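Down below is the structure, laid out as structure tokens.
Residue numbers (this note's numbering): 1299 to 2181.
This is the structure in structure tokens:
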């Protein structure tokens, strides 16, 4: 067996397929782009959907990648099994309508067995295939796999419902008898069974059918190949590692963790080994997720990060690590993955800062969790119960990050069990909520074959001209058919011209709108939307007004006012992007944008909200560039030259051989295919109108430029004039002082009113305190006050306590459709077992409310003031029955 590092293995896979004519695709961000069906990118093919469903035609139909992926559906098994991980890399090769079985199977065999490549012994390979797929079986035999190493399996059919599907073939590697953990006659002791000897390393999917809505399988017009090889598994074979964790992908993390632990070493005992593995796995996932822009929070992806971090922290405590330590592992992860993911190490300081902040916060709550667990155990014992409820165990898991096994361990040490069935039910409810939270929009679509077949050349000329006098109509699409002509009765159609000034929606910039005229100057269509066809043409969705005919020439006119507004706001996003980096730090990166003619929306990654002071700095910085009247120029060059110019690139964006670099003076340099102004002064003015959070670690700024910015200030001035008039201020300049003066007057009046109300309440209560009622030897005072609030009820309870007026006090008051009750009990009767909380719960239903509190003082609120007298009456009855 060759001695290779994980980096060498990854590169060898990519190099092999590059030699076979494949384009190496960079690993996409873990945060899905334009796919609400996924919480995370969870496979290599997840980033290829647009190619397989035909919405985009790839530059090269042969592609290969090593795609980082996250799956957390089996998080409880991490560390306990040899292969479960939350972050993994999927090596894959893909064909979109190009090669198929007769090419991919010999290539797979060559990669695995050729001395130039992996060099594995072919006798160690076992292959499963779909029983009806005889061609696959024959091709493997022809490649060199022994017939008795080919195993038919009914479940070798890849199908996710509607969309592409087909048979698949799985490759297993025989690791030898030393890894055989089952008896020879065990029914699972075969390639594909639940054993450690035969390790699945590759799945090759032959996507050749379309699973239709009515459940039938129809042949696809273009057959595809989609394969997935787990890097961690392959590395474990090359490095003869018992599990994925004894490879160079994990061991450096584990060894570093040992230096923080309480003299604990990996390999000493099973329980500690699980903790080491959980920590190594989780910090990899956390590091990569934050590197790709996700941040800890209480929902969505942020919740996953927070949950992983808490599990890792709890496992650190098991190893005797009581202080923050995970953040120190971030650069270790960065160094391991540097060859393929250099950005992780570059961002390690920023990532570590976020991780440490979360660790410190959780360490403070961890002690609360342990205290809650101890309380649950004691409560369970006192109630003579045998187990902690699954709901309580799940709360510890969900809120405090306690794994079930940790709760069980604590409980078992004290002779208590945990209701695992209830816990599993709660876990399943959470999984269902997570599944329901993800939509269905954007899942794999059926190929739109018509557009894939259209390869008519079409040129976008809108960078330089917004009117084309003579554009030839090359294609007319109506009801998914190519037609030669069309009339107004059709109402809608899609058009492709040999050249067009209409921008197709991309990169957050909305599509142009405008009109189409025939050569006689007659309006024949209105352009409502423009999108990119799979082969790159600008596809115009139009409202048909007159007659159009294929190969005739037409005049295309973009709406200049609409286009100019979009240009201004697009340039403003570039100035805003750079200003945010300057003010908040280089870690900020664009997470999405929307550029419309009347406003812009800009989403960016940032840990925490942006302060008003920083927002003001950002706004001033953008306006400085506008007032400086800096030239905006576009340079067409190659990607590497653009990078040398310092151009900022979006991590998810794919760039061709030629790129457009947009420079705003010496301030901003970005890769961008959109439209821009010629000079920053054309923006006129820039104003931020809102800054909010829209997701885990994602902030959103909305802003306006030019006339919309002027209109915004005009509206603000009109509002200020109205306020000045209302508060009778001589001028707008003096309005803030006048408002402050009125606020002080209101505060004084409110204080005076509260004082008078307190006196009235005290007067109402004075007679009550003189006439307590005795019930079974316990004195009680009840009173319904007409002029009081809850604060005054509490003040009266203090007076009652000072006077020792009775053993029990029950007061009620109602105002504006709301009711309040207060119960106080003296210390002597609290010791005898009377509790204010019990009494308040018994009478709160009379006011249609609820409440609680301490044994000596409790309060309740409700929405039925008419029930106060009944509550006071029932308080006495409750006291009579409590004896």
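The beta-carbon is built from N, C-alpha and C at its ideal position, and this holds for glycine as well. Every value quoted in this text rests on a predicted model; they were computed, and no experiment measured them.
- The beta carbon of residue 1944 sits closer than 8 Å to the beta carbons of 1967 from its chain, once the five residues preceding and following it are set aside; these are given in chain order.
- Beta bridge pairing from DSSP links residue 1381 with no other residue.
- Per DSSP, the continuous alpha helix (DSSP H) segment holding residue 1861 begins and ends at 1858 to 1882.
- 7 Å or more divides the Cβ of residue 1957 from the Cβ of residue 1854.
- Note that the C-beta distance between residue 1825 and residue 1812 is below 7 Å.
- Of all alpha-carbon atoms in 1971, 1974 and 2003, the one lying nearest the alpha-carbon of residue 1986 is that of 2003.
- For residue 2011, the uninterrupted alpha helix (DSSP H) segment begins and ends at 2004 to 2024.
- Its chain contains 1685, 1687 and 1688 as the residues whose beta carbon lies nearer than 6 Å to that of residue 1717, once the 5 sequence neighbours on both sides are disregarded; these appear in chain order.
- Under the three-state reduction of DSSP, residue 1388 is assigned to strand.
- In the three-state DSSP reduction, residue 2086 falls in the coil class, being neither helix nor strand.
- By the C-beta criterion, the region 1591 to 1604 is judged to be in contact with the region 1336 to 1345, since at least 3 inter-stretch pairs fall below 8 Å.
- One thing to note: residue 1531 has its Cβ within 7 Å of the Cβ of residue 1497.
- Judged by DSSP in its simplified three-state form, residue 2000 adopts strand.
- DSSP lists no beta-bridge partner residue for residue 1330.
- Counting only runs of at least 3 residues, the region 1776 to 1836 fully encloses the following beta strand (DSSP E) elements, listed from N- to C-terminal order: 1779 to 1781, 1790 to 1795, 1812 to 1816 and 1821 to 1830.
- Just measuring C-alpha positions, the residue of 1414, 1347 and 1408 sitting nearest residue 1392 is 1347.
- Between residue 1379 and residue 1368, the gap from beta carbon to beta carbon reaches 7 Å or more.
- Bounds of the beta strand (DSSP E) holding residue 1323 are 1321 to 1323.
- Within the same chain, 1363, 1365, 1388, 1390 and 1526 come within 7 Å of residue 1342 by CB-CB distance, once the 5 residues on both sides are set aside.
- Sixteen is the threshold: since fewer than 16 other Cβ atoms of the shown chains lie within 10 Å of the Cβ of residue 2054, the residue is exposed.
- Proximity to residue 1423 across 1439, 2111, 1793 and 1431 peaks at 1439, based on C-alpha coordinates.
- Around the beta carbon of residue 1420, fewer than 16 other beta carbons lie within 10 angstroms, which makes this residue exposed.
- In the three-state reduction of the DSSP assignment, residue 2068 falls in the coil class.
- Listed as beta-bridge partners of residue 2078 by DSSP are 2071 and 2106.
- When the beta-carbon positions are compared, residue 2163 and residue 2117 come within less than 7 Å of each other.
- For residue 1760, no alpha helix (DSSP H) run applies, since DSSP gives it neither H nor E.
- Around the CB of residue 2028, fewer than 16 other CB atoms lie within 10 Å, so the residue is classed as exposed.
- Around the beta-carbon of residue 1299, fewer than 16 other beta-carbon atoms lie within 10 Å, marking it exposed.
- Only buried fits residue 2066, as 16 or more other CB atoms lie within 10 angstroms of its CB.
- A direct Cα-Cα distance of roughly 16 Å separates residue 1643 from residue 1592.
- Of the residues 1691, 1665, 1664 and 1660, the one whose Cα lies closest to the Cα of residue 1674 is 1691.
- Our two residues, residue 1774 and residue 1963, have alpha carbons roughly 43 Å apart in a direct line.
- Short of 6 Å from the beta carbon of residue 1302, and not among the five residues preceding or following it, lie these beta carbons of its own chain, in chain order: 1536.
- Judged by DSSP secondary structure, residue 1462 falls within the beta strand (DSSP E) whose first and last residues are 1461 to 1472.
- Looking from the CA of residue 1788, the closest CA among 1776, 1780, 1799 and 1798 belongs to 1776.
- For the options 1712, 1580 and 1760, the alpha carbon positioned closest to that of residue 1803 is the one of 1760.
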